[in-house]
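Peer 1: Line by line, the protein sequences are chains A and B. The number in my numbering is simply the position in the first sequence, starting from 1, with 178 added. The number in my numbering is simply the position in the second sequence, starting from 1, with 779 added. Note that CB positions come from ideal geometry on N, CA and C, so glycine has one too. This structure is a prediction, so every number in the text was calculated from the model and none was measured.
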Amino acid sequence: MPEPAVSDIPLLRIEGVAKSFGNFRAVDKLSLDIRAGEFFALLGPSGCGKTTLLRMLAGFETPDEGRILLGGNDIAQVLPHARPVNMMFQNYALFPHLSVRDNIAFGLKRAGMARKDIATRVAEMVALVKLEGLEKRKPDQLSGGQRQRVALARSLARRPQVLLLDEPLAALDKKLRESTQGELMELQRRLGMTFIIVTHDQEEAMTMAGRIGVMDAGRLVQVATPRNLYEAPASRWIAEFVGDINLFNGQVAARENGRLTVSTSEAGTLAVSELWPPVTKQVVSVAIRPEKVKLSRRAPASDAGAPQAINRLEGVVIDANYLGGVTSYRVKLETGAVVRASMANTARLDVDAYLAGQRVVAWFTADDCLVLEQ
Amino acid sequence: MARTVTRLTRFNMTSLALGLAFLYLPIVILVIYSFNASRLVTVWGGWSLRWYHEFFNDRAMLEAAWMSLSVAAVSATLATLLGTLAAVGLARGERFRGRALFSGMLYSPLVMPEVISGLSLLLLFVALNAERGFWTVTIAHTTLTMCFVTVVVQSRLSALDRSLEEAAMDLGCDPVRAFLMVTLPLIVPAIVAGWMLAFTLSLDDVVIASFTTGPGSATLPIRIYSEVRLGVKPEINAICTLVIALIAVIIVVASFASKLSSSQGESAAPL
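1. Using a cut-off of 7 Å between C-beta atoms, extract the partners of F267 (chain A) located in chain B.
2. Taking just the CA atoms, how far does A800 (chain B) sit from D351 (chain A)?
3. Once you ignore the five residues that flank A432 (chain A) on each side, which residues in its own chain have a CB closer than 6 Å to its CB?
4. Can you name the residues of chain B whose CB is closer than 9 Å to the CB of L257 (chain A)?
5. Flag L1050 (chain B) as yes if its beta-carbon sits less than 8 Å from any beta-carbon of chain A, otherwise no.
6. So what's F202 (chain A) in DSSP terms, helix, strand or just coil?
7. Would L342 (chain A) and L232 (chain A) qualify as a contact pair, given that the criterion is a beta-carbon distance under 8 Å?
8. Just grab the DSSP bridge partners of Y500 (chain A) for me.
9. Does any CB atom of chain B fall closer than 8 Å to the CB of N264 (chain A)?
10. Measuring straight from C-alpha to C-alpha, what distance separates A254 (chain A) and M234 (chain A)?
11. Using CA coordinates, which residue listed in A:G436, A:M266, A:Q460 is at the minimum distance from G428 (chain A)?
12. Under 8 Å by Cβ, that's how I've got V401 (chain A) and V340 (chain A) pegged, so tell me the actual separation to the nearest angstrom.
13. Using the DSSP secondary-structure output, state which residues sit across from N489 (chain A) in a beta bridge.
14. Alpha carbon to alpha carbon, what distance is there between S937 (chain B) and F202 (chain A)?
15. Against R337 (chain A), what residues of chain B qualify as contacts under a CB-to-CB distance less than 7 Å, listed in chain order?
16. Measuring CA to CA, which of A:I246, A:G493, A:S333 is closest to S474 (chain A)?
17. Under 8 Å: do the region 1008-1020 of chain B and the region 875-893 of chain B share three or more Cβ pairs, one atom per stretch?
18. So, is Y803 (chain B) buried or exposed, given that buried needs 16 or more other C-beta atoms within 10 angstroms?
19. Using only the alpha-carbon positions, how far apart do G323 (chain A) and T793 (chain B) sit?
20. Using a Cβ cut-off of 7 Å, pull out every chain A residue sitting near V961 (chain B), in sequence order please.
21. Report buried or exposed for M1055 (chain B), applying the criterion of at least 16 other Cβ atoms within 10 angstroms of its Cβ.
22. If I follow the unbroken alpha helix (DSSP H) through I1115 (chain B), where does it start and stop?
23. Quick check: the Cα distance between T979 (chain B) and T372 (chain A), rounded to an integer number of angstroms?
24. So what does G391 (chain A) bridge to, in DSSP terms?
25. Thinking C-beta only, is R332 (chain A) closer than 8 Å to A289 (chain A)?
26. Give a yes or no on whether the C-beta atoms belonging to C226 (chain A) and D394 (chain A) are separated by under 8 Å.
27. For R299 (chain A), return the contacting residues in chain B, with the cut-off set at a CB-CB distance below 8 Å.
28. Under 7 Å between beta-carbons, which chain B residues line up against R355 (chain A)? List them in chain order, please.
29. Drop a sphere of 10 angstroms on the beta-carbon of W974 (chain B), count the other beta-carbons inside from all chains shown, and report buried for 16 or more, exposed for fewer.
30. Please return the same chain residues whose Cβ sits closer than 8 Å to the Cβ of T915 (chain B), not counting the five positions on each side in sequence.
31. Would you say L900 (chain B) reaches chain A, if we count a Cβ-Cβ gap shorter than 8 Å as a contact?
32. Just to confirm, is the Cβ distance from A1052 (chain B) to T929 (chain B) under 8 Å?
33. Do you know offhand how far A445 (chain A)'s Cα is from G503 (chain A)'s?
34. Note down, in chain order, all residues in the region 281-312 of chain A with a beta-carbon under 8 Å from any beta-carbon belonging to chain B.
35. DSSP state of R537 (chain A), grouped into three classes?
36. What are the start and end residues of the alpha helix (DSSP H) that includes L330 (chain A)?
Here it is, written out as structure tokens:
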């Protein structure tokens, strides 16, 4: 699928924005550029300040410091109703006394649009979110998924420059959430609108967003594409927050030809490819994602002639959890450390399965490892 | 939402019957005796509408009833206006200095003995040299009933999802418009219920009214009270039955209004 046209000029520029509630610093001198047409996700654990940041963009909170520039104009002090930004609320906040049609038309009436144009736009929105036939219903006569669509249509109806989505899918069940994720992406691509979504669900962020900003304690700790976030996390905290990871603490023993040798107490000596920027500290963690750890009954053939070093760890399978698409194993090493490995179930019959108690070799290449400073 | 149904045992039936009889038997007797043809209150002389007829020809009583109804209507309206504003201030306003004090003082009429409220209002009106009559009773009843309106409206407001107002602002309403277009329609049932509560409270008040009213402007309860001191006339039974009927209608309407109100726009959080 073609990428949406994302321009290089930032549409929204957040500059040194800070917000405190009493003694609690919810957002701490945060700066971020968001480009027009981008699907951006703010990801973080609860209480990290992501919702506060979103509410400052919508105008429900005023920053203590900093500027929020939208198309070059500082909107930090502008009231919500005067911003060309709309928000979709987590609990949808549909007006219970108004029908679906009047909910969607609400913002258009306030904008002083002509009656005929409102009717056209509402019909267009209803078609966009596939709610035909439900226009006269009240919100309490709709299912959760339908309410979510009404909320989306209502926030899109004014054609905002930026659409803010606060945990838009949190109230939906898993199947509906997945299909709605696809629809949201498709919609965003079609409208070419800038979407900023707040979520605590990393899978959701990774599926939908072009770029993800990870927040922790009011700060933006990394802004990256989903792939870079997962494969090159900027810190140990991010590596552990996004996805599963095995971590071994150790010291850099040698460094040559772009390869580090790290001696760890838990997994012996490990060969790791140097990342850019290179680590400067001696004390590091070697990190490896479970799906990059392979298991085999015997040690793989020696890497003579192979360009990359292979790390081999011998151990015993302590448990194997069959999850459908993958099986996740835990392997206990002689040192007592546990390595998690997940292997795709590529065959229907269990020829490749390992059983608890079986001796195996867990191995991974130097390129698949990450070195993270502690 | 299945509610467990308790079976009515013989014991439960008996205690229920006794309890209801204790509460409502006096009223039932009063209503029955209001249709009594006899001049003596305690002697049954057959069914008749004579005393209702008597009442509708009793000028003084009718004037008192009219006075009571108009005091109740005006004071309930004033109390609803002020009480709703206070509720909005408490539930939606920024945290202002002295908020706790304001809220405490607002609710003090709920617990203040009526004799004290009445006496202090009387002293105030005397000090101001105000002529006592319709307006003094109305003002006194407004101060008494305002807090009840505030309680009803405030509880409704705090149950209302705050993000509804934010959504209205997000969609182009300034804060005042957001209140008028979204919040107000959703709290109207509570406001109506509050008005009716204030109306009935004003209608059956004797103590405060007797302190603050002047000569020639007695409310119905005061009038009834002074008549009864000279002996109970069957006409009083007829008047009381009419008042009971009026209040019953108001209470039924008010409870429907508040039921309607609580079914709409509750915050999404599970209760």
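Peer 2: Here's the rundown:
1. S942, A946
2. 53 Å
3. T439
4. M948, D953, P954
5. The predicted model places L1050 (chain B) with a pLDDT of 28, which falls under 50 and marks its position as unreliable, so this point remains unresolved.
6. strand
7. yes
8. A:T505
9. yes
10. 7 Å
11. A:Q460
12. Wrong, their Cβ atoms sit about 17 Å apart, outside the cutoff.
13. A:F542
14. 25 Å
15. Simply none; closest approach about 12 Å.
16. A:G493
17. no
18. exposed
19. 51 Å
20. F273
21. Chain B is shown only over 780 to 1050; residue 1055 (chain B) falls outside these bounds and no answer can be derived.
22. This structure leaves residue 1115 (chain B) out entirely; chain B is present only between 780 and 1050.
23. 56 Å
24. A:L220, A:V401
25. no
26. yes
27. Those do not exist, as R299 (chain A) stays about 13 Å from chain B at its closest Cβ, beyond 8 Å.
28. Chain B residues near R355 (chain A): none, gap ~17 Å exceeds 7 Å.
29. buried
30. L900, F904, A909, T991, T992, G993
31. no
32. The first residue shown for chain B is 780 and the last is 1050, placing residue 1052 (chain B) beyond what the model contains.
33. 28 Å
34. F284, G285, R288, A289
35. strand
36. 322-334
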